[in-house]
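Going from the sequence shown to this note's numbering is simple: count from 1 and add 918. For every residue, glycine included, the Cβ atom is placed at its ideal position computed from N, Cα and C. Have a look at the structure below before the remarks.
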Amino acid sequence: MEKINAYAKINLTLSVTGKRADGYHDLESVMHAVDVFDTVYVEKADNICVECDTPIPENNTAYRAAKAYFENFEGGAHIKIEKGIPSEAGMGGASADAAAVLRALQKIYGAYSEDELFLIGKSVGADVPFCMLGGCATARGIGEILTPVKGQEMNLLIVKGSRGVSTPLLFSKIKLPLECADTQGMVKALEQGDVKGVSKKLYNALEKEAQAIVPEIAEYKKRLIECGALGAQMTGSGSAVFGIFESLKKAQEAQKEFQDVEFARVCRTICN
Ligand code: C5P
């Protein structure tokens, strides 16, 4: 039995640079793994079976990852998921599960090269390749063209109310062109270990449209800043918002002000 922590991600920057013929959008993003995770158990079985402690779609990403893995040879897996990452949060929970399943299957069966495994990941979802890589990276294309970046250990408070944002719905509502982030400036700030610089360069092109669907996003962002965050921003397609704090203590102090919110977690970024 393989047990894997499937870590969530946040987007420090997210720019939408174009719309593709296949309906997907070209993005440019700086992504960072964070220590909020689902626990994924995988063992060899005759068929593919996925169990989860919260409701997930029948054709969920863990199932699709296993199905894609067994496209070329016979095999199966019993997969059990304990959710720790909120859904419809923009934290890549479903992608993290798929990445964990692929990593576990690769340990059990070892059927593919690393490049082939990343391609299988991409076929399951745009954020799966980053979740397989972890740490910190810039992502381009639909999210699958990854360049590792020196990560930065940071103290975060991540908050999300009861309402989520559907990624396809949000992408269907945006109108291009949208303002772009200073990706290079963000990478430079990370490389210099400049947490204040990172906080200043936070930018998410999807945030405005997401706020129109879930107004709490704007409210939580404002509250995080009022609680002393150096910077705050929505992650991915929302609806979770993170604040960057100077110390763990300051993040924990701020957490006390979010007791009315469904999900309010102090955590740290993970560097490879
Ligand atoms: O690949 P994933 O399942 O994460 O994407 C969910 C949906 O979000 C896609 O079906 C698409 O509508 C939208 N999307 C997009 N451009 C991206 C990533 C996602 O338009 N780069």
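Contact check, residue i vs residue j under 8 angstroms by CB: the rounded distance?
{"i": "residue 1123", "j": "residue 1097", "result": "6 angstroms"}
{"i": "residue 1196", "j": "residue 958", "result": "An answer regarding residue 1196 cannot be provided, because it is not within the stretch 919 to 1190 covered by the chain."}
{"i": "residue 1078", "j": "residue 1181", "result": "4 angstroms"}
{"i": "residue 960", "j": "residue 983", "result": "Residue 960 to residue 983, Cβ: 10 angstroms. No contact."}
{"i": "residue 1039", "j": "residue 1190", "result": "Residue 1039 to residue 1190, Cβ: 17 angstroms. No contact."}
{"i": "residue 1153", "j": "residue 1008", "result": "4 angstroms"}
{"i": "residue 931", "j": "residue 948", "result": "5 angstroms"}
{"i": "residue 1172", "j": "residue 1147", "result": "7 angstroms"}
{"i": "residue 1075", "j": "residue 1002", "result": "Wrong, their Cβ atoms sit about 16 angstroms apart, outside the cutoff."}
{"i": "residue 1179", "j": "residue 1166", "result": "19 angstroms between Cβ atoms; not a contact."}
{"i": "residue 1026", "j": "residue 920", "result": "6 angstroms"}
Between residue i and chain C, is there a C-beta pair that is closer than 9 angstroms?
{"i": "residue 932", "result": "No chain C appears in this structure, which consists of one protein chain only."}
Got a sec: does the ligand C5P put a non-hydrogen atom nearer than 8 angstroms to the Cβ of residue i?
{"i": "residue 943", "result": "yes"}
{"i": "residue 1085", "result": "yes"}
{"i": "residue 1044", "result": "yes"}
{"i": "residue 1157", "result": "no"}
{"i": "residue 1038", "result": "no"}
{"i": "residue 1060", "result": "yes"}
{"i": "residue 1089", "result": "yes"}
{"i": "residue 933", "result": "no"}
{"i": "residue 1005", "result": "no"}
{"i": "residue 1031", "result": "no"}
{"i": "residue 1013", "result": "yes"}
Can you tell me which of the options puts its alpha carbon nearest to the alpha carbon of residue i?
{"i": "residue 1202", "options": "995, 978, 1010 and 1140", "result": "In this structure the chain extends from 919 to 1190, so residue 1202 is not present and cannot be described."}
{"i": "residue 1024", "options": "1175, 995, 1095 and 1045", "result": "995"}
{"i": "residue 1029", "options": "1064, 1007, 986 and 1061", "result": "986"}
{"i": "residue 1144", "options": "1015, 1078, 956 and 1175", "result": "1175"}
{"i": "residue 1141", "options": "1111, 1114 and 1177", "result": "1177"}
{"i": "residue 1126", "options": "1187, 942 and 1151", "result": "1151"}
{"i": "residue 1006", "options": "1139, 1068 and 926", "result": "926"}
{"i": "residue 1103", "options": "1056, 1173, 1036 and 940", "result": "1056"}
{"i": "residue 923", "options": "952, 941, 939 and 1120", "result": "952"}
{"i": "residue 943", "options": "1111, 1070, 962 and 1087", "result": "1087"}
{"i": "residue 977", "options": "1003, 1002 and 1012", "result": "1012"}
{"i": "residue 946", "options": "1170, 1105 and 962", "result": "1105"}
{"i": "residue 1060", "options": "921, 919, 1184 and 941", "result": "941"}
{"i": "residue 1080", "options": "939, 1120, 1004 and 974", "result": "1004"}
{"i": "residue 1089", "options": "1121, 1112, 1128 and 1116", "result": "1128"}
{"i": "residue 1068", "options": "1121, 1109, 1161 and 1162", "result": "1109"}
{"i": "residue 1113", "options": "1027, 1084, 1083 and 1070", "result": "1070"}
{"i": "residue 956", "options": "950, 962, 972 and 963", "result": "972"}
{"i": "residue 990", "options": "1034, 1149 and 1170", "result": "1034"}
{"i": "residue 1111", "options": "1072, 1093 and 1099", "result": "1072"}
{"i": "residue 1016", "options": "1084, 1091, 1116 and 980", "result": "980"}
{"i": "residue 1121", "options": "1066, 1094, 1099 and 1138", "result": "1099"}
{"i": "residue 1065", "options": "1093, 1092, 1101 and 1031", "result": "1101"}
Closer than 8 angstroms to a non-hydrogen atom of the ligand SAH - does that hold for the CB of residue i?
{"i": "residue 1039", "result": "Inclusion of the ligand SAH in the displayed structure is not the case, the ligand content consisting of the ligand C5P alone."}
contact_flag[the stretch 1152-1161, the stretch 1116-1132] where n(CB pairs < 8 angstroms) is 3 or more:
Contact holds: three or more Cβ-Cβ distances are below 8 angstroms.
Three or more C-beta pairs closer than 8 angstroms, one from the stretch 960-980 and one from the stretch 990-1008: is that the case here?
Taking a cut-off of 8 angstroms for Cβ pairs, the stretch 960-980 and the stretch 990-1008 touch, as three or more such pairs fall below it.
Stretch pair the stretch 928-938 + the stretch 1037-1044: three plus CB contacts closer than 8 angstroms
No: the two stretches stay apart, fewer than three of their Cβ pairs being nearer than 8 angstroms.
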